[in-house]
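*Asks:* Take this structure first; my questions come after.
Number of protein chains: 4
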Amino acid sequence: MTTVIKNGTIVTADLTYKADVLIDQGKIIEIGANLKGDRTLDATGAYVMPGGIDPHTHLEMPFMGTYSADDFESGTRAALAGGTTMVVDFVLPGQGQGLMDAAQMWHNKSTRANCDYSYHMAITWWGQKVWEDMEASVKAGMTSFKHFMAYKGALMVNDDEMYQSFKRVGDLGGLAMVHAENGDVVAELTAKLLAEGNVGPEAHAYSRPPQVEGEATNRAIMIADMAGVPLYVVHTSCEDAHEAIRRARLAGKRVWGEPLIQHLTLDESEYQNPDWDHAARRVMSPPFRNKLHQDSLWAGLQSGSLSVVATDHCAFTTEQKRYGVGNFSKIPNGTGGLEDRMPMLWTYGVATGRLTPNEFVAVTSTNIAKILNCYPQKGAVLVGADADLVVWDPEKSKTIGAANQQSAIDYNVFEGKTVKGLPRYTLSRGVVSVDDGEIKTREGHGKFIAREARPAVNRALSAWKDLTAPRPVARSGVPVTGV
Amino acid sequence: MTTVIKNGTIVTADLTYKADVLIDQGKIIEIGANLKGDRTLDATGAYVMPGGIDPHTHLEMPFMGTYSADDFESGTRAALAGGTTMVVDFVLPGQGQGLMDAAQMWHNKSTRANCDYSYHMAITWWGQKVWEDMEASVKAGMTSFKHFMAYKGALMVNDDEMYQSFKRVGDLGGLAMVHAENGDVVAELTAKLLAEGNVGPEAHAYSRPPQVEGEATNRAIMIADMAGVPLYVVHTSCEDAHEAIRRARLAGKRVWGEPLIQHLTLDESEYQNPDWDHAARRVMSPPFRNKLHQDSLWAGLQSGSLSVVATDHCAFTTEQKRYGVGNFSKIPNGTGGLEDRMPMLWTYGVATGRLTPNEFVAVTSTNIAKILNCYPQKGAVLVGADADLVVWDPEKSKTIGAANQQSAIDYNVFEGKTVKGLPRYTLSRGVVSVDDGEIKTREGHGKFIAREARPAVNRALSAWKDLTAPRPVARSGVPVTGV
Amino acid sequence: MTTVIKNGTIVTADLTYKADVLIDQGKIIEIGANLKGDRTLDATGAYVMPGGIDPHTHLEMPFMGTYSADDFESGTRAALAGGTTMVVDFVLPGQGQGLMDAAQMWHNKSTRANCDYSYHMAITWWGQKVWEDMEASVKAGMTSFKHFMAYKGALMVNDDEMYQSFKRVGDLGGLAMVHAENGDVVAELTAKLLAEGNVGPEAHAYSRPPQVEGEATNRAIMIADMAGVPLYVVHTSCEDAHEAIRRARLAGKRVWGEPLIQHLTLDESEYQNPDWDHAARRVMSPPFRNKLHQDSLWAGLQSGSLSVVATDHCAFTTEQKRYGVGNFSKIPNGTGGLEDRMPMLWTYGVATGRLTPNEFVAVTSTNIAKILNCYPQKGAVLVGADADLVVWDPEKSKTIGAANQQSAIDYNVFEGKTVKGLPRYTLSRGVVSVDDGEIKTREGHGKFIAREARPAVNRALSAWKDLTAPRPVARSGVPVTGV
Amino acid sequence: MTTVIKNGTIVTADLTYKADVLIDQGKIIEIGANLKGDRTLDATGAYVMPGGIDPHTHLEMPFMGTYSADDFESGTRAALAGGTTMVVDFVLPGQGQGLMDAAQMWHNKSTRANCDYSYHMAITWWGQKVWEDMEASVKAGMTSFKHFMAYKGALMVNDDEMYQSFKRVGDLGGLAMVHAENGDVVAELTAKLLAEGNVGPEAHAYSRPPQVEGEATNRAIMIADMAGVPLYVVHTSCEDAHEAIRRARLAGKRVWGEPLIQHLTLDESEYQNPDWDHAARRVMSPPFRNKLHQDSLWAGLQSGSLSVVATDHCAFTTEQKRYGVGNFSKIPNGTGGLEDRMPMLWTYGVATGRLTPNEFVAVTSTNIAKILNCYPQKGAVLVGADADLVVWDPEKSKTIGAANQQSAIDYNVFEGKTVKGLPRYTLSRGVVSVDDGEIKTREGHGKFIAREARPAVNRALSAWKDLTAPRPVARSGVPVTGV
Ligand SMILES: [Zn+2]
Ligand SMILES: [Zn+2]
Ligand SMILES: [Zn+2]
Ligand SMILES: [Zn+2]
Ligand SMILES: [Zn+2]
Ligand SMILES: [Zn+2]
Ligand SMILES: [Zn+2]
Ligand SMILES: [Zn+2]
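In order, the protein sequence lines correspond to chains C, G, B and D.
Quick note on numbering: UniProt numbering labels position 54 of the first sequence as 54, and the sequence is numbered without any gaps.
Quick note on numbering: UniProt numbering labels position 152 of the second sequence as 152, and the sequence is numbered without any gaps.
Quick note on numbering: UniProt numbering labels position 403 of the third sequence as 403, and the sequence is numbered without any gaps.
Quick note on numbering: UniProt numbering labels position 160 of the fourth sequence as 160, and the sequence is numbered without any gaps.
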């Protein structure tokens, strides 16, 4: 059975044109005028865009004996509801656990996914076994490796481990990734704040100021440069980190930054809310920042110094959040956003004129598909590409609220925001998962997307590093000559 | 008659894949496997890329009663020989001349062109007539307007004129362009140098240091920001100007910079050559800079803060250059480069690992096609696009020299450089103009490419400027209230 | 008759120590323990500091047939009341008027001054006469030359005039100064705002955004660099200008910036006040900025990238301000501040920990004395220095208000601010002009302070410029050698 | 017995004037005209300046069972020969050794010193004992605490230790100092280079590129900011580190950088010398850099973003250097410079016009005296100050060479450089230690200079940190309120 999207305007990262799109067996098989199919989706007045890709989610993430509340089913349902057709989750091996063992656990969880997904592999500890498994991970299509510079005593890796791991990633043609906060300093500040009686959720923000993120970002960039590997910095939330990324890029380094939709549109005043629940629900790392940092992130998207808008979707219920009453450091870190990312970015970015529609597609989908080397299977409206598409109605409007969301949690950090610009249809490999606004996801339809290593950027970087590698000085005579 | 390019690897600004390309009547009509055509071009081992676009040429440019030596015939022949399939020249109205009159003169000259071309309109004087003609220019497809901040007493416009013109360009949905050097200061420094006996070609460089370019670039950016118009800075040659552009972009401004292949690969030491002719042949504005500035330009291409590589091709013979013996300020400004831009950039950029092949396509073709709003007719390998293509053989090598070049002049500023990476075939709207290395251009084949105004970037910028426009304060009571 | 200041702590730009100060005939004649004099001023619990120097005032400034309201009498009385013991005013020659003629007019006005003063000479037009008079100005002790880049059609000079004037100043060993705003663009924006009905005082701020100040600052710096002269930028109000200054300094250039106390402590929200008078009274150029710019200015003082805190005291009455009802461009530009500069800076700078007491002295007095080359006659607590001193009581407090100020105008832009830290005594060359809080100024006591040209910074800069001057290339044979 | 310096021009950090200086019992007792004393030193044609202070030496430093070759006798003799009258050495406690025990070992060594000296205390390990001893160190006048971010497995401290130590230093009112290189990455790069057969001294430089210094500098700054303590970065050698310092200062942070005379005047090409000894003798950390970095350091001194010129004098003989034949990582790190610092800086800084004579005094003496809080006892020409003076003859010239130096080693890294500007007399607390060019040092004359904690900068910083400290949000009702 074929499906045709008719009468729409195709908007990609670099093109805007009127054409119909014909889909068969999950693939785009034709783009052109006057196409016909077994089923017709009307895109009159709407944009036909590549479905969003959220490269940063934590679905059903293990946490203190329980799990983050959105699993691969509800999470991908929320994603599709908002126009996102692929998520990339993080495989988090336990201490001492092999990478491929952990990957299997994730594969077990994702069987219920409604849309496609891929995995980043996290380097949560370091040893010979990890070093070896990294090759297996790459071969299995998990070519990007996340490193935590924070969460001391748990996930954090030290600089020498990070160098060694980055070196390994570089040799394997993969992508190094970091959660960039100085874990030592966060731990010290946390202890100090608690000792001083600063125990509320606002102190979470005090314990991880922009400086500690900027520092860690800068450090990761240096280590990646020394190791000769491209670097992707997740959840870039502040000018300090953005500055480090800009400076690196302006030195020709291959570094990308990923602001979250939360940091683009919400600010630190949320933590000053007298309602503990309100504040605690916004606890995530990095925390929300002030307007100055927001402006910096928007400018980064406009100028290209920041590349991707993600969510770090990691949803905890109010009840879970309340683990941290009396001690902010026990509040589970994370907020939702999967359903809201694209409407929020359209409303605050495209409608205001900060971004063009093409740039919107680039930062929500195409750029990350290229960075993760799954373009043009994903992130494209091209013949042969997967039919992961969203028919975007720029006139459709709603007010965001927990009451009518897909996510399993009982609140929404964007509660009350009115967005204009919403999916009319969302297609996951041809399956109409949002049908004129109605959710019709198909549980288990989603497949794992394996990715190839060694894209062009890696090859170019390696060539340059070889060309500029240290050369020994030719010395004549005995090793030591006279004065 | 159809032509098929077989067995090649298509490389565009964002894709690399194996496919054949079928061409008919100057257009790409199919891209896929196992295509057949009346004529077959073998691309085995080669890349099939969008032909280059050089957005900055001065062919048969009037100069002191004569003309720059390369006209639209030899210039576009040189272009095609090097893989460039479109040039954008500058219509330069005389003082008091109407814009459309001048455009007609350019149309008369370009009838002999071997490849397609478009025009930027220069604002060389200011008045009601110019203001009016700007709309006609836009309607006639010349939507980009160049302003000279240098050449005092001739082409230079003042800040108030520039603001008014930029404002007009913005209102018309066009693109503002600048040659950014502080003409007042250049004139003062020139007079001082001559008075001090600094009359040789090296003093040309002394008279236009990076500072005067940086300053003017910064100023143009501010004026464009105030006028609400996107800005394109031609021949960005130095860190000072690049810094201003970066700073603007990082504030979310819509500004692009254009380094020339000369500034990327040649440096100021050329002016220290004891041979007057050698030095004088390298006289152009801005002059060549030192290695520090070169590094900055390369980093700009890598990071995206600079967008386009051009040539400012304006070829003068040694005899013409000698007008300036004894007075550097009379040396005609300009160098060639049309034939060498792409091989030089490939050799120094792609082969070293500074740029990926995709980035090469972006900065030689696709980016400027988007900026000038003629994408995807130009700059793309897509069905429906013009068959302006180059089949690039990365193993083909030569040593650049005046003896075997297409340009009409008697020297080459890249003389003696060995390049690796050259066109096997170049196609201008399907016409095989370089055929396995042999030049087979067709005089008069080239057509004028009209461009539409008001691309997405303009619309976004206007929306943002409206949103943030000054608002009067509502004051109660009489205009003036009490203390 | 001798005066001794006893039991205080001397605070200078680089020292803090307990000692008495003995004064005779207007000079400090001894500093040490247990000094005795005919009159004793008790400084117990107080700091004995160099009196403030305000390098930027406009007393009795001609304006539309009338004058700014504070003349040299009331202005210097206000100064002394606030701990400032010297002002530097601007001689403003009329169009075509000789510099020395104008200076004489200023000397006539200043006979009533209560404290010492010096003059900057303004270059308000350009011609041979001006060029010649500049030498006379330097010989007469007016070694600093102000240039207006704004006020088009009146005071504004163009880039070529500015270059020529700067060059002349450099040759004479003087100091170039600029009011840095792009006058062309201000004029265009003003016309546009008025045409759109934006006629209120808030539109004054809209007409001179930070961008136009940043641009002009950057331009002045480039021109000073080309001319080889040190540069002093008056009333640096924003990050844009500060950034340009920082960038210049970081390239080793000799450039200083002068934030005003108004810009450090008041912000643009003042213009949003619904009371027209309130807003109009704050109209000055540059206008007040937002908090981000304020933070930048404070950081500049802390880091040394900004050097001096001034006032640009130019007081107009409410009645005078009302010339601009219905047309903001007619509101006289200027605010007061002479009396409030030091208490405000102490309160917002020293009491908060942003500045040390020594840094307070540096930025209110010593730095400018060095820059203007009247140190250590002024700006010092040294034997032989003028006894221009303030005995500063850090515990003394008041609320600023028009009701109890010295200035002749009917309002105060700091109205309602409570300051802590005020003069107990202010001495002008030994004359106790504030006596335990009581004003006892002596009209006509103030003298003109002539300044020497060619301080060490000028000599160093000239040496460097000579060392790095363009050198002709030695060419062999006939001027033009072979290809 | 009194000594008078007659007919000279006194040059301090902020004054230049003709006066005689009278000295008694090691102190300046009078400054004025026509002074008389028992002994007269003629300063005709010379400058009378504060003797230099070198805040960074390692005399008789323990190293692999032996010691650096210059001890407190030869080291301070070299210092005085070059116009330096005070050195600050580093107490380096062994692992587990108490700080005060180590200090005693240093006091034992310094009994032979020819000039005054002070100590920085190094934090070479971390524990309760160290934490406690820090207070004793401060009380004993050692208020500055050095931390090594490099030398992994030996002196290096981790981020959490550094935070805790910085916090302690801040609480004690002291100064935090860092040797800023990322020790983890240096260790990794070293291992890699050795494994690849890069064993020569040039690989020392490859193992510690500017990036690792810039990163560590940036990190130290962040940690100091979080801990609320002023920071002094020793041996700032490159733009990367300077950039971090600038950025910090521009955010109002209290951070100083210390370039070495070696990095200002020598570059990385030294390591390319085919003579192993030549290269090995230049091995120090950080290594010499390229011209770009040199320019950055000079600009830092000019603009004030860098504050002090030091030497890191740590002299090893050629024989000692040869420990590292076949393995660069075993070459003892360190070069000389004590005797040459001031003549080299005068020649390359003042004579070229990069620095004024006053700035020369500031960066060689006065700034560090202020930073270390021993001003004006040291670093000043003031009545009551120690008579640590140099009579500087700007016409005196020599060629630097090992043959005629004071240092105990057999070579000089500045060998062959001609300097103009040398001491005619150097006085250490009144003792004429260089007498018309002849060395007449007095062994054991030097005394330990204890320094007070909590100077104005610390007090200001603490006030600001208190003012901006995190505040808990007042929440009403039960800890957790409703949704
Ligand atoms: Zn994270
Ligand atoms: Zn995450
Ligand atoms: Zn040009
Ligand atoms: Zn041109
Ligand atoms: Zn002004
Ligand atoms: Zn003024
Ligand atoms: Zn060190
Ligand atoms: Zn050291």
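Using N, Cα and C, we set each Cβ at its ideal position, and we do this for glycine too.
Since the structure is predicted, the reported quantities are computational estimates derived from the model, not experimental observations.
1) Quick check on the burial criterion: 16 or more other C-beta atoms within 10 angstroms. Buried or exposed for residue 167 (chain B)?
2) Are any of the Cβ atoms in chain B nearer than 8 Å to that of residue 126 (chain G)?
3) Quick one: list the residues of chain G neighbouring residue 485 (chain C), beta-carbon separation under 7 Å, in chain order.
4) For the segment 191 to 217 of chain G, list every residue whose C-beta sits within 8 Å of some C-beta in chain C, in sequence order.
5) What residues in the segment 362 to 373 of chain G bring their beta carbon closer than 7 Å to a beta carbon of chain C?
6) Pull up the CB-CB distance for residue 83 (chain D) and residue 419 (chain D), whole angstroms please, since I reckon it's below 8 Å.
7) Does the beta-carbon of residue 17 (chain B) have 16 or more other beta-carbons within 10 angstroms, so that it is buried, or is it exposed?
8) Starting from residue 190 (chain D), follow the alpha helix (DSSP H) in both directions and report where the run begins and ends.
9) Across the segment 194 to 210 of chain D and the segment 233 to 241 of chain C, are there enough close Cβ pairs to call them in contact, namely three or more that are closer than 8 Å?
10) Using a cut-off of 7 Å between C-beta atoms, extract the partners of residue 467 (chain B) located in chain D.
11) Just to confirm, is the Cβ distance from residue 147 (chain C) to residue 157 (chain C) under 8 Å?
12) Quick one: what's residue 62 (chain B) bridged to in DSSP?
13) Rounded to a whole number of angstroms, what is the C-alpha to C-alpha distance between residue 324 (chain C) and residue 193 (chain C)?
14) Where does residue 354 (chain C) land, buried or exposed, given buried means 16+ other C-beta within 10 angstroms?
15) Buried or exposed: residue 404 (chain B), going by 16 or more other Cβ atoms within 10 Å of its Cβ?
16) Check the C-beta distance from residue 117 (chain D) over to residue 86 (chain D) and give it rounded, since I have them as a contact under 8 Å.
17) For the candidate residues D:252, D:263, D:173 and D:336, whose alpha-carbon lies nearest to that of residue 241 (chain D)?
18) What's the gap between the Cα of residue 492 (chain C) and the Cα of residue 411 (chain C)?
19) Let me confirm a value: residue 202 (chain G) is counted as buried when at least 16 other C-beta atoms fall within 10 Å, else exposed. Which label applies?
20) Going by DSSP, what residue range makes up the beta strand (DSSP E) through residue 166 (chain G)?
21) Quick check: the segment 210 to 219 of chain C against the segment 242 to 251 of chain C, are there 3 or more CB pairs under 8 Å?
22) Considering only residues of the segment 279 to 357 of chain C, which uninterrupted alpha helix (DSSP H) runs meet the minimum length of 4 residues and lie entirely inside it, listed in chain order?
23) By Cβ distance below 8 Å, which residues in the same chain neighbour residue 71 (chain B) in space, the five residues on each side in sequence not counted?
24) Below 8 Å, how does it come out for the segment 323 to 339 of chain C and the segment 269 to 284 of chain C: are there three or more Cβ pairs, yes or no?
25) Given 7 Å as the limit, tell me if residue 58 (chain G) has its C-beta closer than that to any heavy atom belonging to ligand 4.
26) What first and last residue would you give for the beta strand (DSSP E) that runs through residue 490 (chain G)?
27) Could you give the residue range of the alpha helix (DSSP H) that holds residue 225 (chain D)?
28) When we look at the beta-carbon of residue 207 (chain G) and count the other beta-carbons within 10 Å, is it buried (16 or more) or exposed?
29) Would you kindly check if the distance between the Cβ of residue 54 (chain B) and the Cβ of residue 7 (chain B) is under 8 Å?
*Replies:* Walking through what the data contain:
1) buried
2) no
3) Beyond the ends of chain C as shown, which are 1 and 483, falls residue 485 (chain C); an answer cannot be given.
4) none
5) Interface annotation for the segment 362 to 373 of chain G against chain C: 370, criterion Cβ-Cβ distance under 7 Å.
6) About 11 Å separates the two Cβ atoms, so there is no contact after all.
7) exposed
8) 183 to 195
9) Result no; under three Cβ-Cβ pairs closer than 8 Å.
10) In chain order: 352 and 353.
11) Yes, Cβ-Cβ distance for residue 147 (chain C) and residue 157 (chain C) is below 8 Å.
12) B:67
13) 14 Å
14) It is buried - the Cβ of residue 354 (chain C) has at least 16 other Cβ atoms within 10 Å.
15) exposed
16) For residue 117 (chain D) against residue 86 (chain D), the beta-carbon gap comes to about 6 Å, under 8 Å, which counts as contact.
17) D:263
18) The structure shown does not extend to residue 492 (chain C), since chain C is modelled only from 1 to 483, so the question has no answer here.
19) The residue in question, residue 202 (chain G), is buried, as its Cβ has 16 or more Cβ neighbours within 10 Å.
20) No beta strand (DSSP E) contains residue 166 (chain G), which is instead part of the alpha helix (DSSP H) from 159 to 172.
21) yes
22) 291 to 303, 318 to 321 and 341 to 345
23) 59, 60, 109, 112 and 408
24) yes
25) yes
26) Because chain G is modelled from 1 through 483, residue 490 (chain G) falls outside the range shown and cannot be assessed.
27) Its alpha helix (DSSP H) spans residues 210 to 227.
28) Classification of residue 207 (chain G): buried, given that the 10 Å Cβ count is 16 or more.
29) no
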